[in-house]
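Under this note's numbering, the first residue of the sequence shown is numbered 29, with each subsequent residue one higher.
All C-beta atoms, glycine included, are put in the ideal place defined by N, C-alpha and C.
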Amino acid sequence: MNKKEIYNEVALQISAVIEGETSKTARYATAACLLNEAFDYFFWTGFYVVDPLKTTELVVGPYQGSLGCLRIPLGKGVCGTAAELGKTVIVEDVHEFPGHIACDSRSNSEIVVPVFDKEGSLAAVLDIDSTQLGSFDTEDKAGLEYICKTLLV
Ligand code: SME
29 MNKKEIYNEV
39 ALQISAVIEG
49 ETSKTARYAT
59 AACLLNEAFD
69 YFFWTGFYVV
79 DPLKTTELVV
89 GPYQGSLGCL
99 RIPLGKGVCG
109 TAAELGKTVI
119 VEDVHEFPGH
129 IACDSRSNSE
139 IVVPVFDKEG
149 SLAAVLDIDS
159 TQLGSFDTED
169 KAGLEYICKT
179 LLV
């Protein structure tokens with residue numbers, strides 16, 4: 029299967045599992061698990077959610093992988109940058125991204141996709157780290173942005 033087919037397949041699996049589930053945590057946890065299993069070079073796949081009590085910070089949500097940092101201020105690191113811009117950020121080589129927050133030295137490339145709520149406000153970001161350089165391209169962006177849209181409650 030090529031990347032596009034894998035994303036289509038995972039999107040179907042996620043929507044089948046979360047159908048009728050209103051818990052955001054359960055929806056995000058399902059997406060993190062199924063995406064992490066879909067590609068063998070993904071080693072950290074998960075969400076940083078906007079802290080409702082401190083909206084200038086992201087706080088870690090459901091994830092698969094090694095220990096992630098708990099909080100990221102908006103504008104900091106790849107996650108905080110994507111959150112601030114409200115746009116997907118692809119980093120081919122994290123070692124060259126100014127301000128990259130290194131949670132695990134195995135990370136070489138990264139994609140961060142914003143998740144919006146029904147009102148269009150930022151709810152979270154989906155962060156995926158790869159052990160390889162240059163893992164993410166416009167196909168990942170399209171596949172993951174589509175999946176993130178299906179996670180709204
Ligand atoms: N590398 C991210 C931090 C989160 S971890 O990779 C899990 C960043 O720079 O935002």
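_Checking the sheet assignment: what are the DSSP bridge partners for Gly74?_
For Gly74, which the question treats as bridged, DSSP gives the partners Tyr91, Asp155.
*Compute the minimum distance between the beta carbon of His123 and the heavy atoms of the ligand SME, and state whether it is under 6 Å.*
No - the ligand SME has no heavy atom lying nearer than 6 Å to the Cβ of His123.
*Selected residue, minimal CA-CA separation from Glu65, among Ile156, Leu161, Thr166*: The option with the nearest alpha carbon to Glu65 is Ile156.
*To the nearest whole angstrom, what separates the beta carbons of Leu154 and Phe75, a pair I think is in contact under 8 Å?*
About 6 Å separates the beta carbons of Leu154 and Phe75, which is inside the 8 Å limit, making them a contact pair.
*State the CB to CB distance for the pair Phe125 and Val141, rounded to an integer number of angstroms; the pair is presumed to be in contact (CB under 8 Å).*
Not confirmed; about 16 Å, so no contact.
*Would you mind stating whether Arg99 and Glu120 have Cβ atoms separated by less than 7 Å?*
No, Cβ-Cβ distance for Arg99 and Glu120 is not below 7 Å.
*Use the C-beta contact count for Asn136: other C-beta atoms within 10 angstroms, 16 or more gives buried, fewer gives exposed.*
By the 10 Å Cβ count, Asn136 comes out buried.
*Could you name the residues of the same chain whose beta carbon sits closer than 6 Å to that of Tyr35, not counting the 5 residues immediately before and after it, in chain order?*
Same-chain partners within the cutoff: Gly171.
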